[in-house]
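Residue numbers (our numbering): 69 to 438.
Here is the structure we will look at.
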Ligand SMILES: Cc1cc2nc3c(=O)[nH]c(=O)nc-3n(C[C@H](O)[C@H](O)[C@H](O)COP(=O)(O)OP(=O)(O)OC[C@H]3O[C@@H](n4cnc5c(N)ncnc54)[C@H](O)[C@@H]3O)c2cc1C
């Protein structure tokens, strides 16, 4: 006889792990199914920048809510939480002119930010190339190390009674649970958090993998203090170009620098593309010339789970009984994990979620298709 769980979470990236944590904390008897390594999917490829991304009201609301929930994890050593702040850099007068509106948009979502004039910009970050037009500093943004945290969240939940089905693929959703690839069946409501692999279990929810590449340098004396990011980054993230690069550099607490990043649709090969890597690095050198002197020790890629409108699917899957979803966060799944988990688990429990779920409900794409 198969045992029944109150909730079966499929996928233990940071989004699934946060859902397991939230469900276990609510007293649910939870099962978690992970076919690979806990935190080994997009979660392990991420830069770990916790960022209040403006440009889309629903996306910003989720980031802001989730950033506030990240505070609970900030003291966990495995999260390697470091509140370095973000510094958005204006490359032109036109970008500088957009700063007050961006600041107002952040403020409306409860996120503090300050405009920085060119003089202030170079006082904050002397290694920037000459000629930038100022920036926008978001002091509450932070950087973290997500894969270890995912592992610890699952380990904690298991200590509190959650059951882990590791190294086995969830093969098919059934009317009352899920069939595993090793022949076992689990019974109970299901929450699918499989990132870019979502269509394998829920083909009705469109999702594209959006490849991204990063480089990490060796350790050195600090060169930058903030997560530096070009103001055009959000345009690239929200855009639909087949392949694009944009500048962002992150100081790791151990002295390494993470250099990003690229976005590529329809690339299925996980191998690092050297032509895109060169474009990415040239862009980074344009912003911080001294980066040329740092030794890159590793480059890797990962696949962001991208929905057609860029917002995640959070909520009950229409047309399926007892099936829920939390997936499709593209380049913001680390930032948005705790908030997404809390919203979905609250809705599952019949509680009123802290944010209106309408913009994130999966039925939006099915309605659009109809
Ligand atoms: C280069 C890069 C940089 C990024 N930088 C940032 C950043 O700075 N800040 C930020 O907020 N976000 C960032 N992201 C985005 C972030 O990494 C993702 O949005 C997030 O990790 C998605 O988490 P997830 O748990 O949904 O998916 P994943 O981490 O991919 O986890 C899904 C899990 O499901 C498992 N799985 C899949 N199918 C099955 C199945 N059938 N049965 C069982 N298990 C299954 C997989 O093995 C995997 O472990 C970045 C992404 C990339 C690629």
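Note that beta-carbon positions come from the ideal geometry of N, C-alpha and C, so glycine has one too.
- prompt: Is residue 324 near ligand 1, going by C-beta to nearest heavy atom under 7 Å?
  reply: For ligand 1, not one heavy atom lies less than 7 Å from the Cβ of residue 324.
Neighbourhood of residue 365 by C-beta distance below 7 Å, restricted to the same chain and skipping five residues each side: When the five nearest sequence neighbours on each side are left out, the beta carbons in the same chain lying within less than 7 Å of the beta carbon of residue 365 are those of 284, 285, 286, in order along the chain.
- prompt: Of the residues 377, 289, 378, 157, which one's Cα is nearest the Cα of residue 314?
  reply: That would be 157, whose Cα lies nearest to the Cα of residue 314.
Residue environment, residue 362, which counts as buried when at least 16 other CB atoms sit within 10 Å: By the 16-neighbour rule on beta-carbons within 10 angstroms, residue 362 is buried.
message: Count Cβ pairs between the segment 246-261 and the segment 343-362 that sit closer than 8 Å; are there 3 or more?
response: The segment 246-261 is not in contact with the segment 343-362.
message: Comparing C-alpha positions only, which one of 137, 96, 76, 124 sits nearest to residue 405?
response: That would be 137, whose Cα lies nearest to the Cα of residue 405.
Of the residues 298, 86, 426, 221, the one placed nearest residue 354, counting alpha carbons only: Minimum Cα distance to residue 354 is reached at 298.
Beta strand (DSSP E) runs contained entirely in the segment 367-396, provided each spans 3 or more residues: Listed in chain order, they are 381-384, 391-395.
task: Compare the Cα-Cα distances from residue 91 to each of 221, 166, 242 and report the closest residue.
output: Comparing Cα positions, the closest option is 221.
- prompt: For ligand 1, is there a heavy atom less than 7 Å away from the beta-carbon of residue 407?
  reply: False, no ligand heavy atom lies under 7 Å from that Cβ.
query: What residue ranges within the segment 214-285 form continuous alpha helix (DSSP H) runs of no fewer than 4 residues, ordered along the chain?
result: List check, alpha helix (DSSP H) in window: 214-227, 266-269.
- prompt: Where are the alpha helix (DSSP H) runs, 4 residues long or more, that stay fully inside the segment 143-175, in chain order?
  reply: Whole alpha helix (DSSP H) segments, 4+ residues: 161-165.
message: Can you find the residues in the same chain that come closer than 6 Å, C-beta to C-beta, to residue 73, ignoring five residues on each side of it along the sequence?
response: Within the same chain, residue 73 has close Cβ partners 97, 99, 256.
query: If you check the beta carbons only, do residue 196 and residue 204 fall under 8 Å apart?
result: Contact: no.
- request: Would you mind working out which of 78, 327, 134 sits nearest residue 368, comparing C-alpha positions?
  value: Ranking 78, 327, 134 by Cα distance to residue 368 puts 327 first.
message: Using a Cβ-based criterion (distance less than 7 Å to any ligand heavy atom), does residue 371 qualify as near ligand 1?
response: In this structure, residue 371 has its CB closer than 7 Å to one or more heavy atoms of ligand 1.
- prompt: Hey, residue 42 and residue 110: beta-carbon distance below 8 Å or not?
  reply: No answer is possible for residue 42: the residues shown for the chain start at 69 and end at 438.
message: Here's a check: name, in chain order, each residue in its chain whose Cβ is nearer than 8 Å to the Cβ of residue 294, leaving out the five neighbours to either side.
response: Cβ within range, chain order: 152, 153, 154, 155, 192, 193, 205, 319.
query: Would the beta-carbon of residue 101 fall within 8 Å of that of residue 218?
result: No, the pair does not count as a contact, with Cβ atoms beyond the cut-off.
field: Cβ neighbours of residue 228 in the same chain (closer than 6 Å, five flanking residues each side left out)
entry: Result list for residue 228: 92, in chain order.
- request: Tell me, to the nearest whole angstrom, how far the beta carbon of residue 396 is from that of residue 127; I am working on the premise that it is less than 8 Å.
  value: In this structure residue 396 is not in contact with residue 127, their Cβ atoms being roughly 12 Å apart against a cut-off of 8 Å.
task: Would you list the one or two residues that DSSP bridges to residue 194?
output: The bridge partners DSSP lists for residue 194 come to none.
message: Which of the three DSSP states is assigned to residue 79 in this structure?
response: Coil.
message: If distances are taken between C-alpha atoms only, which option among 323, 422, 410, 80 comes closest to residue 232?
response: Of 323, 422, 410, 80, the residue nearest in Cα terms is 80.
- request: Kindly confirm or deny that the segment 404-423 and the segment 374-389 touch, where touching means at least three C-beta pairs closer than 8 Å.
  value: As far as the Cβ criterion goes, the segment 404-423 touches the segment 374-389, which means the pair count is three or higher.
field: Supposed contact pair residue 259 and residue 392 - C-beta distance, whole angstroms, cut 8 Å
entry: That pair is a contact at about 4 Å.
- request: Kindly examine ligand 1 and report whether one of its heavy atoms sits closer than 7 Å to the Cβ of residue 115.
  value: Residue 115: yes, Cβ under 7 Å from ligand 1.
- request: In the DSSP assignment, find the unbroken beta strand (DSSP E) run with residue 437 in it and report its ends.
  value: Residue 437: not part of any beta strand (DSSP E); member of the alpha helix (DSSP H) spanning 431-437, first to last residue.
field: Beta-carbon spacing of residue 433, residue 373 below 8 Å
entry: No, they are not a contact pair.
Residue 401: first and last residue of the uninterrupted alpha helix (DSSP H) it sits in: Segment 401-416, the alpha helix (DSSP H) holding residue 401.
task: With hydrogens ignored, establish whether the beta-carbon of residue 298 is closer than 7 Å to any heavy atom of ligand 1.
output: Shortest gap from the CB of residue 298 to any heavy atom of ligand 1: 7 Å or more.
message: Is residue 402 a contact residue of ligand 1, with contact defined as CB to any heavy atom under 7 Å?
response: Under cutoff, so the answer is yes.
- request: Within the same chain, show all residues whose beta-carbon is closer than 6 Å to that of residue 312, passing over the 5 residues directly before and after it, in chain order.
  value: Excluding sequence neighbours, residue 312 sits near 304, 331.
Residue 268 versus 282, 241, 254, residue with shortest Cα-Cα distance: Closest option to residue 268, Cα to Cα, is 241.
query: Is the beta carbon of residue 76 less than 8 Å from the beta carbon of residue 245?
result: Yes, the pair counts as a contact, with Cβ atoms nearer than the cut-off.
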